[in-house]
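One structure below.
And the structure:
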């Protein structure tokens, strides 16, 4: 497929996200797409995302994938992954642009219903997203152009359920602010972890603030201890209806074995009466056991953490990529602090089109 690279709409540690326009009309792909591009040395990450998305393509609540290929630009070999373009941006940007930095409950319920349908499909097909957050919920235009439809995107950290990479220490996939107790305490990231993160996401939509209240000056390690030890859960917003509060109570169950599943939550009164034709074009419906863990009794029970973040984002990353290659001059607390704050950057776009094929 010959195509033209357009404006940069996102960037990450390994590559960029741009608009892409096919040079010729093709009924198999839209006339405007998003393309993730990275050097060939990191292509395995995007190829894995492509493979996962191809197994999840029959769900309208998940961003569509239109394939991938290798190409040369500026003398560099790149891998390009072509995705559905979300013209409405992401939920983080929508929240930021809202008049009072939060969404009305009717919108929270509608978006949550769509996200749950996507999660159900992901989990029923044997995958875990591992990075559910506002920036990864993308808003696409409905078929009649009058509304938006929430879709789950960025599967860069997704994995097969029941698998864990072999490595020294413990790998934490995703953003710490959305991590459940079992992930912080024991590195467990299964379907129940996505549900906890969904609860954090819903609380943030309702209040405009992270579910775990903290600022850049907070003690990051203390926050992680709050998540991983004891019985504390995120504060449930007081402005939510009783149904909304009960819904979050089902998401914020510390024991993953007792946490409600996406399938169960779709029958909860908070979202059960929400259908996409309430606010947008009618779309066809697609229906898309946690292991034991022990909560640490103190700070010395925690293994070494290795934070792994998605190398791509539809919004610029509000933090540096942290890995074992990070300099020793910055403390672990300094490196983690930006990950648990609510600060976000604006998009940065170019003014011209560049022909690459």
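Numbering (UniProt numbering), first residue to last: 1 to 357.
Think of the CB as a built atom: it goes at the ideal place given N, C-alpha and C, for glycine as much as any other residue.
Small disclaimer: the values here were computed from a predicted structure and weren't measured.
Next on the checklist: Per the DSSP calculation, residue 72 is bridged to which residue(s)?
Outcome noted: Along the chain shown, read from residue 1 onward, the residue named residue 72 stands at position 72. The partner list for residue 72 (beta bridge, DSSP) reads 77.
Item to check | beta strand (DSSP E) segment containing residue 44, residue limits | outcome: Residue numbering aside, residue 44 sits at position 44 when the chain shown is read from its first letter. Taken as a continuous stretch (DSSP letters only), residue 44 belongs to no beta strand (DSSP E), being part of the alpha helix (DSSP H) at 43–55.
Checklist entry - If residue 88 and residue 140 are in contact, beta carbons under 8 Å, what's the gap, nearest whole angstrom? => result Residue 88 sits at position 88 when you count from the first residue of the chain shown. Residue 140 sits at position 140 when you count from the first residue of the chain shown. The pair is a contact, with the Cβ atoms about 6 Å apart (cut-off 8 Å).
Checklist entry - Which ranges would you report for the beta strand (DSSP E) in the segment 191–270 if only whole runs of at least 3 residues count? => result none
Next on the checklist: In whole angstroms, give me the CA-to-CA distance for residue 211 and residue 144.
Outcome noted: Stepping through the chain shown from its first residue, residue 211 is reached at position 211. Stepping through the chain shown from its first residue, residue 144 is reached at position 144. For residue 211 and residue 144, the distance between alpha carbons rounds to 34 Å.
Checklist entry - Is residue 17 helix, strand or coil by DSSP? => result Numbered from 1 along the chain shown, position 17 holds the residue referred to as residue 17. Strand at residue 17.
Item to check | Reduced DSSP category for residue 63 - H, G, I as helix; E, B as strand; rest coil | outcome: Here residue 63 corresponds to residue number 63 of the chain shown, with the count starting at 1. The answer is coil: DSSP assigns residue 63 none of H, G, I, E or B.
Checklist entry - What residue ranges within the segment 137–189 form continuous beta strand (DSSP E) runs of no fewer than 3 residues, ordered along the chain? => result Unbroken beta strand (DSSP E) runs of no fewer than 3 residues, entirely contained in the segment 137–189, are found at 137–141, 148–152, 170–173, following chain order.
Checklist entry - For residue 199, which option in 254, 39, 26, 138 has the closest C-alpha, if you only look at C-alpha atoms? => result For the purposes of this step, residue 199 is identified with residue 199 of the chain shown, where counting begins at 1. Closest option to residue 199, Cα to Cα, is 254.
Checklist entry - Helix, strand or coil: how does DSSP classify residue 134 here? => result Position 134 of the chain shown holds residue 134. Residue 134 falls in the helix class under three-state DSSP.
Item to check | Cβ-Cβ distance between residue 79 and residue 43 below 9 Å | outcome: Taking the first residue of the chain shown as position 1, residue 79 is located at position 79. Taking the first residue of the chain shown as position 1, residue 43 is located at position 43. Taking a C-beta distance under 9 Å as the contact criterion, residue 79 and residue 43 qualify as a contact pair.
Next on the checklist: Buried or exposed for residue 244, going by 16 or more other Cβ atoms inside 10 Å?
Outcome noted: Here the question's residue 244 lines up with position 244 in the chain shown. So residue 244 ends up on the buried side.
Checklist entry - With residue 265 and residue 116 assumed to form a contact (beta carbons below 8 Å), what rounded beta-carbon distance in angstroms separates them? => result Numbered from 1 along the chain shown, position 265 holds the residue referred to as residue 265. Numbered from 1 along the chain shown, position 116 holds the residue referred to as residue 116. About 6 Å separates the two Cβ atoms, so the contact holds.
Next on the checklist: By alpha-carbon positions, which one of 267, 58, 102 ends up nearest to residue 205?
Outcome noted: Looking up residue 205 in the chain shown gives position 205. Of the listed residues, the one whose Cα sits closest to residue 205 is 102.
Next on the checklist: Within 8 Å, do at least three Cβ pairs link the segment 225–236 to the segment 120–137?
Outcome noted: no
Checklist entry - Would residue 153 count as contacting chain C if we go by Cβ distances under 9 Å? => result Absent here is chain C; the protein component of the structure consists of one chain.
Next on the checklist: Within 10 Å of its beta-carbon, does residue 317 have 16 or more other beta-carbons around it, so buried, or fewer, so exposed?
Outcome noted: Position 317 of the chain shown holds residue 317. Because the pLDDT of residue 317 is 31, which lies under 50, any placement of that residue in the model is unreliable, and the number read from its coordinates should be weighed accordingly. Residue 317 comes out buried.
Checklist entry - Residues bridged to residue 8 by DSSP? => result Taking the first residue of the chain shown as position 1, residue 8 is located at position 8. Looking at the DSSP assignment, residue 8 forms a beta bridge with 18.
Checklist entry - If you draw a straight line from the alpha carbon of residue 160 to that of residue 30, how long is it in whole angstroms? => result What you label residue 160 is simply residue 160 of the chain shown in a count that begins at 1. What you label residue 30 is simply residue 30 of the chain shown in a count that begins at 1. Their backbone Cα atoms lie some 29 Å apart in a straight line.
Checklist entry - So, residue 83 versus residue 66, is the Cβ gap smaller than 9 Å? => result Along the chain shown, one-based indexing puts residue 83 at 83. Along the chain shown, one-based indexing puts residue 66 at 66. A contact, by the Cβ cut-off of 9 Å.
Checklist entry - According to the Cβ coordinates, are residue 133 and residue 53 closer than 9 Å? => result In the chain shown, residue 133 corresponds to position 133, counting from 1. In the chain shown, residue 53 corresponds to position 53, counting from 1. Taking a C-beta distance under 9 Å as the contact criterion, residue 133 and residue 53 do not qualify as a contact pair.
Checklist entry - Quick one, which of 27, 236, 252, 93 has its alpha-carbon nearest residue 9's? => result Taking the first residue of the chain shown as position 1, residue 9 is located at position 9. Here the closest residue by C-alpha is 93.
Checklist entry - Whose CA, out of 18, 154, 256, 81, lies closest to the CA of residue 61? => result In the chain shown, counting from the first residue as 1, residue 61 sits at position 61. That would be 154, whose Cα lies nearest to the Cα of residue 61.
Item to check | Nearest neighbour of residue 136, chosen from 38, 158, 97 [CA to CA] | outcome: Residue 136 sits at position 136 when you count from the first residue of the chain shown. Of the candidates 38, 158, 97, the one whose C-alpha sits nearest the C-alpha of residue 136 is 158.
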